[in-house]
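Down below is the structure, laid out as structure tokens.
Residue numbers (my numbering): 217 to 716.
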């Protein structure tokens, strides 16, 4: 394979910059205020006030020209009119809700734990989740854009309820039988969820364990025998422990399925996937389904599988975060080109982007492991002296993959730069406040994946990020349409129910 060097002659790509930034409240989660601002962040800040009115327009909630293309798919159920739980009026597109944690029902212990974490006010989806999870709804679907605070949204009321039950006494406890189970698609996301849960429960008699393929089976079995309050697991590992008799769900009150849209995309029907959980759990178990994307046909399926399911939907569902600048790079230049030439042109554009945007943390998304390896080799040879090049995909042994991710997620020191070369594995809920640039080396296979990839930057309150989208041929028009919808404040999918 021949690679173009930065100085090689190649048709100049077309660059289109679309700013989807909006004004936000100044209060934010902890960040390194001493960190110098990158040039794109400065440009984005200048554009905030001009675009605030555009992004704060009320969201359309139906299909058609103003509300997104209808998700009418042959053979798929269509949703009935849902019962919607809202969290009050929209606050002009800001990250935080107008209500306080105390007003939505957070306990003094939870508020104290949040203060320790530097979190003073709830996001929109966190308010919606409190209202839903403290209600009598049999099941909940919780949705908002990536980086909106969904992990805290479901953990806060669940941990609070467990602490209140402990204080009241009479909790039915038994070895192997947790009170709450959280399922996540990757080991990395499981670790993140467990870390947040333990921070919220600090100071309370609270036991938790993570069940993934990256931890020893015997250690997990022994931890389960002690009777943890919370189990965080990947689905496969959880089912293995169930089959071996190491785990019982008959005392479980809630099963959370984080990033459930990924499970729904599986070829196996969702009802079949959750059947072992339903058989093992009691009849009163509540399912909490968490997602960044919820097309109408999927919501209709959830209504069939979970009668009476209640929706807690934030205003950013199917939208990118307001602090993101999207940059479209047409690498084909109007030419009809083969795959090898397409890679070379995108590689040339990637090199240029990384030299121009010298931010501390960049993620490069590829569709295939083979492409990840080619991009890794290119960057290691060309830029390896200037930055850490960290591959992250399923073909890498787990301990190396984990080490690479930990290195990438760590707080940047000095002028150190790192780039994560990855497949969509890194779009599955991996959370970092330091990612300022996301490059889509390969265009996404579907709009939902676009939302997840783009959501790795611009996270939290006041978060900013640059997204560079490298496209070829027919991808150009599709990418432009997605960006234009984002810029107009419209969702990439029609939203099946009213937003907050």
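Even for Gly, the Cβ is constructed at its ideal location relative to N, Cα and C.
If you're wondering where the values come from, they're calculated on a predicted model, not measured in any experiment.
Length of the line joining the Cα atoms of residue i and residue j
| i | j | result |
| --- | --- | --- |
| residue 629 | residue 490 | 44 Å |
| residue 580 | residue 498 | 43 Å |
| residue 358 | residue 345 | 7 Å |
| residue 632 | residue 513 | 45 Å |
| residue 389 | residue 624 | 39 Å |
| residue 702 | residue 684 | 14 Å |
| residue 559 | residue 551 | 14 Å |
| residue 668 | residue 587 | 19 Å |
| residue 205 | residue 648 | One cannot answer for residue 205 here, as it falls past the ends of the chain, which runs 217 to 716. |
| residue 636 | residue 577 | 8 Å |
| residue 693 | residue 543 | 14 Å |
| residue 531 | residue 373 | 20 Å |
| residue 261 | residue 616 | Reliability fails at residue 261, whose pLDDT of 44 lies under 50, so the model's placement of it is uncertain and no value is given. |
| residue 638 | residue 621 | 10 Å |
| residue 516 | residue 487 | 13 Å |
| residue 436 | residue 533 | 36 Å |
| residue 433 | residue 456 | 10 Å |
| residue 521 | residue 493 | 13 Å |
| residue 367 | residue 473 | 11 Å |
| residue 161 | residue 641 | Any answer about residue 161 is impossible in this case: the structure gives the chain only from 217 up to 716. |
| residue 601 | residue 316 | 48 Å |
| residue 324 | residue 431 | 35 Å |
Cut-off 7 Å between Cβ atoms - residues of its own chain near residue i, not counting five sequence neighbours on either side
| i | result |
| --- | --- |
| residue 415 | 329 and 333 |
| residue 603 | 633, 634 and 635 |
| residue 717 | In the structure as shown, the chain starts at 217 and stops at 716, and residue 717 therefore has no counterpart that could be examined. |
| residue 569 | 655 and 684 |
Beta-carbon spacing of residue i, residue j below 7 Å
| i | j | result |
| --- | --- | --- |
| residue 653 | residue 573 | yes |
| residue 337 | residue 312 | yes |
| residue 412 | residue 454 | no |
| residue 523 | residue 444 | no |
| residue 396 | residue 364 | no |
| residue 361 | residue 508 | yes |
| residue 322 | residue 526 | no |
| residue 401 | residue 478 | yes |
| residue 505 | residue 476 | yes |
| residue 320 | residue 343 | yes |
| residue 410 | residue 426 | yes |
| residue 528 | residue 356 | yes |
| residue 536 | residue 655 | no |
Alpha helix (DSSP H) segment containing residue i, residue limits
| i | result |
| --- | --- |
| residue 452 | 451 to 459 |
| residue 319 | 317 to 320 |
| residue 575 | From DSSP, residue 575 is part of no alpha helix (DSSP H); its letter is neither H nor E. |
| residue 619 | 614 to 625 |
| residue 699 | 691 to 703 |
| residue 355 | Counting along the chain, residue 355 falls outside any alpha helix (DSSP H), and DSSP gives it neither H nor E. |
| residue 514 | 512 to 521 |
| residue 335 | From DSSP, residue 335 is part of no alpha helix (DSSP H); its letter is neither H nor E. |
| residue 664 | 663 to 670 |
| residue 687 | Run containing residue 687: none in the alpha helix (DSSP H); it sits in the beta strand (DSSP E), 681 to 687. |
| residue 465 | No alpha helix (DSSP H) holds residue 465; DSSP gives it neither H nor E. |
Nearest neighbour of residue i, chosen from the options [CA to CA]
| i | options | result |
| --- | --- | --- |
| residue 369 | 326, 393, 381 and 380 | 326 |
| residue 407 | 383, 393, 378 and 447 | 447 |
| residue 659 | 682, 674 and 698 | 698 |
| residue 419 | 603, 379 and 468 | 379 |
| residue 500 | 354, 373, 520 and 417 | 354 |
| residue 546 | 366, 320 and 695 | 695 |
| residue 634 | 516, 651 and 640 | 651 |
| residue 691 | 666, 600, 672 and 468 | 666 |
| residue 663 | 521, 618 and 511 | 511 |
| residue 465 | 575, 682, 627 and 398 | 398 |
| residue 612 | 494, 585, 533 and 382 | 585 |
| residue 382 | 417, 672, 553 and 474 | 417 |
Proximal residues to residue i (C-beta, below 6 Å), its chain only, five neighbours per side dropped
| i | result |
| --- | --- |
| residue 440 | 392, 462 and 463 |
| residue 548 | 688 and 689 |
| residue 595 | 605 |
| residue 458 | 496 |
| residue 539 | 237, 674, 679 and 680 |
| residue 259 | Annotation note: pLDDT 41 at residue 259 (below 50); position unreliable, no value reported. |
Extent of the continuous beta strand (DSSP E) to which residue i belongs
| i | result |
| --- | --- |
| residue 529 | 526 to 529 |
| residue 542 | 539 to 546 |
| residue 603 | Taken as a continuous stretch (DSSP letters only), residue 603 belongs to no beta strand (DSSP E), as it is neither H nor E. |
| residue 502 | 502 to 507 |
| residue 471 | 470 to 473 |
| residue 638 | 634 to 638 |
| residue 398 | 396 to 399 |
| residue 655 | 653 to 656 |
| residue 426 | 424 to 427 |
Own chain, CB closer than 8 Å to residue i, minus 5 neighbours either side, in chain order
| i | result |
| --- | --- |
| residue 657 | 562, 566, 580, 581, 582, 587, 591 and 686 |
| residue 429 | 403, 450, 452, 453 and 614 |
| residue 467 | 388, 389, 390, 393, 394, 395 and 498 |
Any chain B beta carbon closer than 7 Å to residue i
| i | result |
| --- | --- |
| residue 669 | In the structure shown, chain B does not exist; there is a single protein chain. |
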